[in-house]
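Down below is the structure, laid out as structure tokens.
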Ligand code: PMV
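Numbering (the working numbering), first residue to last: 21 to 342.
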């Protein structure tokens, strides 16, 4: 007679995210606004593995398999797995196989690294029969973000762990904010990978060379972000769009924009977007454009014609996102 081995399996997911206002300045203590993007997700599936096999992380999309026992301390996913095991109070390495997949483009400002880590933490804690509260997920993912980013503000892990729009100030718990009228964003991928670590490092070096000049730009960005919170609360779409354009100008002053992004931004505005800006680290990655029912299709088409690799429409302020 053959013994049937019941295989335990747990699957958890985490959404992508996009920063609406305040990237880069948020690293220097100014506020930023970010929302989850539920259409793109990372997934972690844990299954029980044969005894003695220990923990294995399979990054399916890139065909990489890593045994936890052999992983370097600087491996971001191994780090987050070790931290989550510690959080769960699991001393001896269990025999668990983690398979990770994601449809969030890498190095494009959609939070792919934080989302994979968040899915992994949720799956591990759930597989261990424990709750996975947002605060815990956010705290553990932040540690892996330090390896991905260098000096992260913590906004990515916060918005992804809480999976709701957040008003974020470094070192403080994320706040919710009021959305007077739902609005739609077109998120366009420039197709140019741009590691956040590099643009954040460049801004840091420029800030070190000219602290007063850069602090002044960060403070002007903070004014934009405060204005945006009011415009979003009041449902004033024209003001939200104008503030996106102003934020883009400030990001150009910081040196994190690029001709390719500006070409796409111009195309979106010319096709009827009320405002457009880069989002996240910059240089490449994604940009966002504020659209309405009339302009959505024309803006999407214009972005694709101008070279965008993919355009996602997402709503801010409706159930499921808000
Ligand atoms: O490139 P993204 O979307 O992961 O975001 C980076 C946001 C920055 O403000 C540039 C850096 C940070 O840690 O907040």
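We put the beta carbon where it would ideally sit given N, CA and C, even for glycine.
> Bridge partners of residue 35, per DSSP?
Replying inline: 61
>> If you reduce the DSSP assignment to three classes, tell me which class residue 68 lands in.
In response: strand
> What does DSSP give as the partner residues of residue 29 in its beta bridges?
Replying inline: 67
> For residue 303, which residues from the same chain have a beta carbon less than 8 Å from its beta carbon, with the 5 sequence-adjacent residues on both sides left out?
Replying inline: 212, 214, 218, 219, 276, 277, 278, 281
>> Can you look up residue 330 in the DSSP assignment and give me helix, strand or coil?
In response: strand
> What three-state label does DSSP hand residue 171 in the structure shown?
Replying inline: coil
>> What I want to know is whether the C-beta of residue 139 ends up closer than 8 Å to one or more non-hydrogen atoms of the ligand GTP.
In response: This structure simply doesn't include the ligand GTP; it includes the ligand PMV instead.
>> For residue 181, count the other beta carbons within 10 Å of its own beta carbon; 16 or more makes it buried, fewer makes it exposed. Which is it?
In response: buried
> Three-state secondary structure (DSSP) at residue 46?
Replying inline: helix
>> Using the three-state DSSP reduction, which class does residue 316 fall into: helix, strand or coil?
In response: helix
> What's the C-alpha gap between residue 164 and residue 141?
Replying inline: 11 Å
> Going along the chain, which residues of its own chain have a beta-carbon closer than 8 Å to the beta-carbon of residue 94, five neighbours each way excluded?
Replying inline: 167
>> Is residue 176 a contact residue of the ligand PMV, with contact defined as CB to any heavy atom under 8 Å?
In response: yes
>> Is it buried or exposed, residue 196, if we count other Cβ atoms within 10 angstroms and call 16 or more buried?
In response: exposed
> Within the chosen definition, does the stretch 139 to 156 reach the stretch 234 to 249 through at least 3 CB pairs nearer than 8 Å?
Replying inline: no
> Quick one: Cα of residue 199 to Cα of residue 54, how far?
Replying inline: 13 Å
> Whose C-alpha, out of 301, 291, 287, is nearest the C-alpha of residue 274?
Replying inline: 301
> Tell me which same chain residues have a C-beta within less than 8 Å of the C-beta of residue 285, skipping the five on either side of it?
Replying inline: 268, 296, 297, 298, 307, 309
>> Can you find the residues in the same chain that come closer than 7 Å, C-beta to C-beta, to residue 108, ignoring five residues on each side of it along the sequence?
In response: 144, 145, 148, 150
>> My assumption, with CB atoms under 8 Å, is that residue 326 sits in contact with residue 287. Please give the rounded CB distance.
In response: 4 Å
> Quick one, are the C-beta atoms of residue 160 and residue 89 less than 9 Å apart?
Replying inline: no
> Mapping DSSP to helix, strand and coil, what is residue 306?
Replying inline: strand
>> With distance defined between alpha-carbon atoms, name the residue in 50, 57, 265 nearest to residue 336.
In response: 57
> What residues match up with residue 123 in a beta bridge as DSSP calls it?
Replying inline: Per DSSP, none; premise fails for residue 123.
> Does the distance from the CB of residue 62 to the CB of residue 120 come in under 9 Å?
Replying inline: yes
> Does the Cβ of residue 225 have 16 or more other Cβ atoms within 10 Å, making it buried, or fewer, making it exposed?
Replying inline: exposed
>> So within the stretch 253 to 279, which uninterrupted alpha helix (DSSP H) runs reach at least 4 residues, ignoring any that extend past its ends?
In response: 257 to 274
> What first and last residue would you give for the alpha helix (DSSP H) that runs through residue 218?
Replying inline: 216 to 229
> Does the beta carbon of residue 130 fall short of 8 Å from some heavy atom of the ligand PMV?
Replying inline: yes
> Going by the CB atoms, is the gap between residue 223 and residue 47 shorter than 9 Å?
Replying inline: yes
> Which residue's Cα is closest to the Cα of residue 139: 79, 188, 192?
Replying inline: 79
>> Taking the alpha carbon of residue 227 as the reference point, which residue from 35, 45, 124 has its own alpha carbon closest?
In response: 45
>> Closest to residue 133 by C-alpha separation, out of 216, 293, 331, would be which residue?
In response: 216
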